[in-house]
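Q:
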Amino acid sequence: DGGITQSPKYLFRKEGQNVTLSCEQNLNHDAMYWYRQDPGQGLRLIYYSQIVNDFQKGDIAEGYSVSREKKESFPLTVTSAQKNPTAFYLCASSIGPSTNYGYTFGSGTRLTVV
Amino acid sequence: ELKVEQNPLFLSMQEGKNYTIYCNYSTTSDRLYWYRQDPGKSLESLFVLLSNGAVKQEGRLMASLDTKARLSTLHITAAVHDLSATYFCAGWSMEYGNKLVFGAGTILRVKS
Chain A
6 DGGITQSPKY
16 LFRKEGQNVT
26 LSCEQNLNHD
36 AMYWYRQDPG
46 QGLRLIYYSQ
56 IVNDFQKGDI
66 AEGYSVSREK
76 KESFPLTVTS
86 AQKNPTAFYL
96 CASSIGPSTN
106 YGYTFGSGTR
116 LTVV
Chain B
8 ELKVEQNPLF
18 LSMQEGKNYT
28 IYCNYSTTSD
38 RLYWYRQDPG
48 KSLESLFVLL
58 SNGAVKQEGR
68 LMASLDTKAR
78 LSTLHITAAV
88 HDLSATYFCA
98 GWSMEYGNKL
108 VFGAGTILRV
118 KS
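Chains A and B are the protein sequences, given in the same order. In the working numbering, each number is its position in the first sequence, counted from 1, plus 5. In the working numbering, each number is its position in the second sequence, counted from 1, plus 7.
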């Protein structure tokens with residue numbers, strides 16, 4: 006079955022540590038996105054990539070980094086520069102930036118600072 | 008810049024009642040999407056509205072789009088407890104970088 010897989014489901018980060026969230030899709034989608042969701046809040050765009058080897062900053066990119074070396078994969082690194090990283094992180098993909106079908110979302114990673 | 012506003016942000020309703028969630032957007036939005044999110048879960052696509060006057064229905068939910076008024080509505084008919092979730096609308100505009108812009112979400116609680 007095609008879909009998006011995010012791992013891990015839960016992640017704990019110590020102060021000053023970098024952590025990487027995985028996002029893999031087998032839908033053959035060109036575009037991929039990372040969102041952050043805080044409790045009771047909407048979705049805020051961190052980074053997005055509309056084609057391999059290219060990505061753009063979203064609305065809250067500071068303290069995060071991404072890469073898009075393969076079409077299937079769009080990992081997100083939460084760096085120590087991100088002072089308040091505790092949140093629910095959602096990865097999404099779409100056939101292309103101009104989509105009649107919207108986005109397909111992964112199941113999310115819940116990151117907690119300990 | 009495309010901005011999307013939903014109201015109400017929180018809705019508590021009795022089973023069997025009808026209600027409407029409103030989604031206003033600030034500039035031209037070529038398409039409008041509705042998603043559902045259960046607590047602690049991911050987002051599930053409900054409806055995609057591609058043109059003015061579009062209406063989609065699934066069970067007790069019906070979504071419509073009025074591009075002239077820059078308004079989409081999600082109407083709930085005879086609510087049941089299973090509809091309790093958070094509902095997001097999202098607009099898409101080629102002018103805004105070819106990506107979805109989400110509203111803040113409406114938390115719906117249906118009481119027995």
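Where a beta carbon is used, it is the ideal one built from N, C-alpha and C, also for glycine.
1. Please confirm whether residue 112 (chain B) has its beta-carbon closer than 7 Å to some beta-carbon of chain A.
2. Would you identify the three-state DSSP class for residue 95 (chain A), choosing helix, strand or coil?
3. Do residue 90 (chain A) and residue 71 (chain A) have their CB atoms nearer than 7 Å?
4. Find the nearest neighbour of residue 67 (chain B) within the set B:101, B:90, B:43, judged by alpha-carbon distance.
5. Could you tell me the distance, in whole angstroms, from the CA atom of residue 18 (chain A) to the CA atom of residue 88 (chain A)?
6. Less than 6 Å between C-beta atoms, sequence neighbours within five positions excluded: which residues of the same chain meet that for residue 21 (chain A)?
7. Kindly indicate which three-state DSSP category residue 106 (chain A) falls into: helix, strand or coil?
8. Does any residue of chain B have a CB that is nearer than 7 Å to the CB of residue 53 (chain A)?
9. Quick one: which residues of the region 78-100 of chain A get their C-beta closer than 7 Å to a C-beta of chain B? List them in chain order.
10. Is residue 90 (chain B) helix, strand or coil when you go by DSSP?
11. So what does DSSP say about residue 102 (chain B), is it helix, strand or coil?
12. Can you give the Cα-Cα distance for residue 39 (chain B) and residue 57 (chain A), rounded to whole angstroms?
13. In or out: residue 46 (chain A) buried (at least 16 other Cβ within 10 Å) or exposed?
14. How long is the line joining the alpha carbons of residue 111 (chain A) and residue 10 (chain A), rounded to whole angstroms?
15. Express the C-alpha separation of residue 26 (chain B) and residue 119 (chain B) in angstroms, rounding to a whole number.
16. Check each residue of the region 16-41 of chain B: if its Cβ is closer than 7 Å to any Cβ of chain A, include it; give the result in chain order.
17. Can you tell me which of the three DSSP states residue 111 (chain B) falls into?
18. Thinking residue 23 (chain B) and residue 85 (chain B) are a contact (beta carbons under 8 Å), I'd like their distance in whole angstroms, please.
19. Give me, in chain order, the residues of the same chain whose beta-carbon lies closer than 6 Å to that of residue 103 (chain B); leave out the 5 immediate sequence neighbours on both sides.
A: So, from the listed chains and residues:
1. yes
2. strand
3. no
4. When only C-alpha atoms are compared, the closest one is B:90.
5. 12 Å
6. 85
7. coil
8. yes
9. 95
10. helix
11. helix
12. 26 Å
13. exposed
14. 6 Å
15. 16 Å
16. Interface annotation for the region 16-41 of chain B against chain A: 40, criterion Cβ-Cβ distance under 7 Å.
17. It is coil, neither helix nor strand.
18. 5 Å
19. 9
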